[in-house]
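For reference, the structure is listed below as C-alpha cells.
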Amino acid sequence: MTLTLFINFLLYLETQVRKSEPLYTYKEAYSTLQQADYTAVQHIIKPTVERNGLSAFVHFVFGPPKLHRDMVKDREFAFCLSASSFDEAQPSHGRMLQTIYRLLTGSRFDSPRFGSHWEEIGFQGRDPSTDLRGVGVLGLVQLLYFLQHDKYGDIARDIYKLSLHPTQNFPFCVMGMNISRISLQSLREDIINKEINKRRDVMASINDFYIGTYLHLYQLWKLGRTIADSGYVLKEVETFAKKRSKDVFKNLEQYQLNGGKNVVKSEKGEDLFHSVC
Numbered sequence: 002m003t004l005t006l007f008i009n010f011l012l013y014l015e016t017q018v019r020k021s022e023p024l025y026t027y028k029e030a031y032s033t034l035q036q037a038d039y040t041a042v043q044h045i046i047k048p049t050v051e052r053n054g055l056s057a058f059v060h061f062v063f064g065p066p067k068l069h070r071d072m073v074k075d076r077e078f079a080f081c082l083s084a085s086s087f088d089e090a091q092p093s094h095g096r097m098l099q100t101i102y103r104l105l106t107g108s109r110f111d112s113p114r115f116g117s118h119w120e121e122i123g124f125q126g127r128d129p130s131t132d133l134r135g136v137g138v139l140g141l142v143q144l145l146y147f148l149q150h151d152k153y154g155d156i157a158r159d160i161y162k163l164s165l166h167p168t169q170n171f172p173f174c175v176m177g178m179n180i181s182r183i184s185l186q187s188l189r190e191d192i193i194n195k196e197i198n199k200r201r202d203v204m205a206s207i208n209d210f211y212i213g214t215y216l217h218l219y220q221l222w223k224l225g226r227t228i229a230d231s232g233y234v235l236k237e238v239e240t241f242a243k244k245r246s247k248d249v250f251k252n253l254e255q256y257q258l259n260g261g262k263n264v265v266k267s268e269k270g271e272d273l274f275h276s277v278c
C-alpha cells in the first residue's frame with residue numbers, strides 16, 4: 002500500500018468514526034419539539050404574571066394589549082420549552098447542541114457530549130446542559146434560530162467574534178441564555194403582546210425580540226465593556242428591552258437595513274454612539 006493510499010484510508014476511518022448527523026435546521030427542531038409531550042411540565046409553567054386589585058386594574062387600563070386568544074397555546078408552548086431540561090433521550094436536544102457548535106466553529110463533525118471544547122463557544126464547563134437552567138431547551142432553540150436566520154445570522158457571527166476578543170471576551174452561549182431569560186420574562190409580563198398579535202406568531206416574535214436584545218447588548222459591549230461589567234450591562238439591557246420593546250424590534254430592522262450601522266440608545270432614549278461592524 003502506497004503512502005497516499007494509507008493516508009486516504011486513515012482519513013476514511015476518521016470520517017466513519019466521527020460520522021455526524023446533518024446540521025439540524027430550526028424548522029426541523031421546531032416541528033419536532035411541537036410534537037413532544039409536555040405533560041410533566043405543564044402544571045409548573047407560569048405564562049403570565051398574577052395581578053390582583055389595583056395592580057390588575059392599572060395593568061388592564063394602561064398596560065400592554067391582551068394576548069389574542071389564538072396565541073395562548075403557543076405562548077404556553079414557549080414556556081413548556083423553558084421548563085424542559087436537556088434530555089439525553091431526546092435526539093432533537095443533542096442535535097440542536099451539536100449544530101450550534103458546528104455553526105460557530107465551522108467543524109464538519111459532531112463533538113463529544115462532554116468536554117472542554119464546549120467552553121470554546123461560550124459555555125461554562127464540560128457539560129453545556131448545566132447552563133440551560135432557568136431557560137431550558139428554549140435557550141438552545143433561540144440560539145439555533147439566531148445562527149441560522151437568513152437576515153440576522155451575520156449579526157450572530159459578529160457578536161460571537163466580539164465574544165472571542167482578547168480583552169472584551171464573554172461567554173457567548175451563556176450570555177445567550179441570559180438574553181433568553183429576558184425574552185421569557187418579557188413574554189410573561191405581556192410586554193411583546195402587541196408584536197405577537199400583529200404577527201400572529203409567538204415564537205417568531207420572541208425569537209426576533211431575543212435577537213434585537215442581544216444586538217443591543219453587543220452594541221453596548223463595543224463601547225469597551227468587559228466581563229467585569231456584565232452584571233451592569235445585563236441590567237441595562239433588560240431595562241431597555243422591557244421599557245422600550247418597540248425599539249428593540251425597530252432597531253434590529255434598522256440595523257439590518259443600514260448594513261450593520263446603527264445608533265445605540267440608552268434606556269432613556271439618548272443616542273450613545275454609531276456602531277460600524
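Count along the sequence shown starting at 1, add 1, and that's the number in the working numbering.
Every residue gets a Cβ at the ideal spot worked out from N, C-alpha and C, and that includes glycine.
Cβ distance (whole Å) where residue i is taken to contact residue j below 8 Å
| i | j | result |
| --- | --- | --- |
| isoleucine 197 | leucine 144 | That belief does not hold up - the Cβ atoms of isoleucine 197 and leucine 144 are roughly 21 Å apart, past 8 Å. |
| glutamate 77 | isoleucine 45 | At roughly 12 Å, the Cβ-Cβ gap does not stay under 8 Å, so glutamate 77 and isoleucine 45 are not in contact. |
| histidine 217 | asparagine 179 | In fact, because the Cβ distance is near 13 Å, the residues do not count as touching under 8 Å. |
| tyrosine 1 | tyrosine 219 | For the chain, the structure presents residues 2 to 278; residue 1 sits outside this window and is missing. |
Through-space distance from residue j to residue i, alpha-carbon basis
| i | j | result |
| --- | --- | --- |
| alanine 242 | valine 175 | 18 Å |
| phenylalanine 124 | phenylalanine 171 | 10 Å |
| phenylalanine 110 | glycine 260 | 32 Å |
| serine 108 | leucine 163 | 20 Å |
| leucine 188 | aspartate 132 | 21 Å |
| leucine 224 | glutamine 36 | 43 Å |
| tyrosine 39 | cysteine 81 | 6 Å |
| phenylalanine 173 | tyrosine 211 | 14 Å |
| asparagine 194 | arginine 182 | 17 Å |
| histidine 69 | aspartate 202 | 10 Å |
| phenylalanine 63 | valine 138 | Low confidence applies to phenylalanine 63: its pLDDT is 48, below 50, so where it sits in the model is not reliable enough to give any reading. |
Residue i classed as buried or exposed, judged by whether at least 16 other C-beta atoms fall within 10 angstroms
| i | result |
| --- | --- |
| tyrosine 233 | exposed |
| serine 206 | buried |
| glutamate 22 | exposed |
| aspartate 75 | buried |
| arginine 134 | exposed |
| proline 129 | buried |
| tyrosine 13 | Note that tyrosine 13 has pLDDT 44, beneath the 50 cutoff, so the model's placement of it is unreliable and the number below is only indicative. Exposed: under 16 other Cβ atoms inside 10 Å. |
| threonine 214 | buried |
Whole beta strand (DSSP E) elements within the segment 217-255, 3-residue minimum: none
Curious, which full-length alpha helix (DSSP H) runs of at least 4 residues does the segment 30-116 contain? 40-43, 54-63, 73-84 and 92-106
Going residue by residue through the segment 156-197, where are the continuous alpha helix (DSSP H) segments of at least 4 residues, counting only ones entirely within it? If we require 4 residues or more, the alpha helix (DSSP H) runs fully inside the segment 156-197 come out as 173-189.
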